[in-house]
Amino acid sequence: MYFSSTDIIFITTVYLLSLLGFALNGFLMYMITHKSPKYLSPYRIFLADTAMTQMLLDVVLLIICPRVLAGSRNHIVVIYLGPSQFLFPYYSYLLYSTMLHLSLNSFISWMISMIYRCLILQVASISTKIVVAMCVAGYVVPFSIVTLATMIDEEHINFTVIVDFSRTVIVISTDRRRIAALNLNTSTNATEAAVLTHHIVPDIELYSSVISADMFQTGTLYTLFCCSVLLIPIYAIMYICRWRIHSLLLTTQSVQTKFQAKQLVQ
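Its first residue numbered 146, the sequence shown is counted upward by one per residue in my numbering.
What follows is the structure in structure tokens.
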């Protein structure tokens, strides 16, 4: 296990923010389950969905603590600084995909909750089953990211064990994997990663888990599209719903009705 001084600062920051996020979302879950009023029962599902997603995201961040680097030849290099570095590299890659899918699901959950707040002002009620169905439908795209990561074929695995008196280090000299359906290739060759990053990270070969991948492969492009380009329509829908909510509240004549509506959407 190897950490530079910069890594220690990075790990400390990630751990502090992740633990704080986990604690705050845990408090939100407590408020949802014990303190929220009954008239918010359907909406509590959206709140719980978002809170649980972000709590899981914090846990995954604590496990992998990824340091992401941009490499040459359109490659991305990830150094795993968390406890996942002691696992097989494939599981670090899988956890990284899990982190991305949880992050995307958080945004989609916010969007769906905004859609719900807009619809509840125009219909009498929305059943719990419909709310659950909306959450499940929103999870389809994020889940596809993890599905792609689990399709990797394990092949050409080669281990070299180096014994250095006080420690035993397992070095993966060649470890390439391929997703047959999408032709996705990943590499855990630290020497190759050093070349791709132009040696900007000193002693990169000392890290336990370093994985690189070509960003212009089908699977990588799909993940990149979901976690970046897809955010544009997500934010657009949230903005439109928020504008629609504001317009509906302005046209409400009854003071009591307006007050009750604000309780549902704010």
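Where a beta carbon is used, it is the ideal one built from N, C-alpha and C, also for glycine.
Tell me which residues share the same chain as Val257 and place their Cβ nearer than 6 Å to its Cβ, disregarding the 5 neighbours each side in the sequence. Looking at the sequence provided, one finds Ile at residue 257 rather than Val. Cβ neighbours of Ile257 within its own chain (closer than 6 Å, five residues either side excluded): Met279 and Gly283.
Starting from Leu214, follow its DSSP beta bridges and name the residues at the other end. Looking at the DSSP assignment, Leu214 forms a beta bridge with Val222.
Give the straight-line distance between the Cα atoms of Ser311 and Tyr147, rounded to the nearest whole angstrom. Only weak support exists for where Ser311 lies, its pLDDT of 36 falling under 50; the value from the coordinates is given anyway. Answer to the nearest angstrom: the Cα atoms are 15 Å apart.
How should Asn219 be labelled, buried or exposed, when 16 other C-beta atoms within 10 angstroms of its C-beta is the threshold for buried? Flag for Asn219 reads exposed.
So the candidates are Phe172, Ile209 and Tyr384; which of them puts its Cα closest to the Cα of Gln230? For the residues Phe172, Ile209 and Tyr384, the minimum Cα distance to Gln230 belongs to Ile209.
Residues that DSSP places opposite Asp152 in a beta bridge: According to DSSP, Asp152 bridges with nothing at all.
Please determine, among Arg212, Phe252, Thr243 and Ser186, the residue with the shortest C-alpha to C-alpha distance to Lys274. Looking at Arg212, Phe252, Thr243 and Ser186, the one whose alpha-carbon comes closest to that of Lys274 is Ser186.
Helix, strand or coil for Ser237, going by three-state DSSP, please let me know. In the structure shown, Ser237 adopts helical secondary structure according to DSSP, grouped into three states.
In this structure, what does DSSP give as the bridge partners for Asp359? DSSP, once it has assigned bridges, lists His220 as partnering Asp359.
With 16 as the cutoff for other CB atoms within 10 Å, does Leu161 come out buried or exposed? Counting Cβ neighbours within 10 Å, Leu161 comes out exposed, since fewer than 16 surround it.
Any contact between the stretch 187–204 and the stretch 263–273? By contact I mean 3 or more CB pairs, one from each, below 8 Å. Per the Cβ contact rule, the stretch 187–204 is in contact with the stretch 263–273 (3 or more Cβ pairs under 8 Å).
With distances taken Cα to Cα, identify the nearest neighbour of Pro287 among Asp194, Cys372 and Leu207. Answer by Cα proximity: Cys372.
Name the two residues that bound the continuous alpha helix (DSSP H) containing Thr295. Going by DSSP, Thr295 is part of no alpha helix (DSSP H) at all; its letter is neither H nor E.
Buried or exposed, going by whether 16 or more other CB atoms sit within 10 Å of the CB of Met176? Residue environment analysis places Met176 among the exposed positions, since fewer than 16 neighbouring C-beta atoms fall within 10 angstroms of its C-beta.
Does the stretch 193–206 touch the stretch 245–256, meaning 3 or more C-beta pairs lie closer than 8 Å? Judged by pairs of C-beta atoms under 8 Å, the stretch 245–256 touches the stretch 193–206, as three or more such pairs exist.
Is Met360 closer than 8 Å to Trp255 when the C-beta atoms are compared? With contacts defined by Cβ atoms closer than 8 Å, Trp255 and Met360 do not form a contacting pair.
The alpha helix (DSSP H) with Cys371 in it runs from where to where? No alpha helix (DSSP H) holds Cys371; DSSP gives it neither H nor E.
Measure how close the beta-carbons of Val223 and Tyr241 come, nearest whole angstrom, since I'm counting them as under 8 Å. Rounded to whole angstroms, the Cβ separation of Val223 and Tyr241 is 6 Å, and the two are in contact under 8 Å.
Do you know offhand how far Ile260's Cα is from Leu376's? So the alpha carbons of these two residues sit roughly 15 Å apart.
Which residue comes first and which comes last in the alpha helix (DSSP H) that contains Asp194? Membership of Asp194 in the alpha helix (DSSP H) is indicated by the continuous run Ser186 to Ile209.
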